[in-house]
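Engineer:
In our numbering, the protein residues as written are 155 to 262.
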């Protein structure tokens with residue numbers, strides 16, 4: 155059974171992963187995809203760590219706090235990159251990343 159103290163984090167991880175995957179896909183379709191390369195790379199990193207941390211929480215991993223620390227750093231970095239772009243999908247992704255980073259820091 156999942157510890158209830160992680161429910162808020164699980165919700166933020168899911169939202170962040172979804173927004174990053176959407177941003178990743180939208181950036182790949184951008185006319186100037188080369189300019190979006192760092193955003194695309196960080197979207198993938200962020201979506202992957204969010205997915206991994208979700209799985210770690212559901213299996214009650216002994217490394218949740220350490221993974222949450224790493225996840226917070228990656229989410230923060232992704233959010234900062236996305237925040238530099240004025241596309242709606244990038245702005246929504248940045249917001250989700252910042253919220254997820256905050257939720258990760260609360261458990262790490």
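Glycine residues also receive a C-beta, built at the ideal position from the N, C-alpha and C atoms.
1) Once DSSP output is grouped into helix, strand and coil, what is the label at residue 158?
2) Among 177, 197 and 161, which has the Cα closest to the Cα of residue 242?
3) Are at least three pairs of beta-carbons, each pair with one atom in the stretch 210-229 and one in the stretch 176-191, less than 8 Å apart?
4) Which runs of the alpha helix (DSSP H) fall wholly inside the stretch 195-261 and span at least 4 residues, in chain order?
5) Considering only residues of the same chain and omitting the five flanking positions on each side of residue 226, which have a CB-CB separation below 7 Å?
6) Looking at C-alpha atoms only, which residue of 185, 234, 173 and 194 is the closest neighbour of residue 204?
Structural biologist: Checking against the coordinates, here is how it stands:
1) helix
2) 177
3) no
4) 218-237 and 242-261
5) 255, 258, 259 and 262
6) Out of 185, 234, 173 and 194, 173 has the C-alpha closest to the C-alpha of residue 204.
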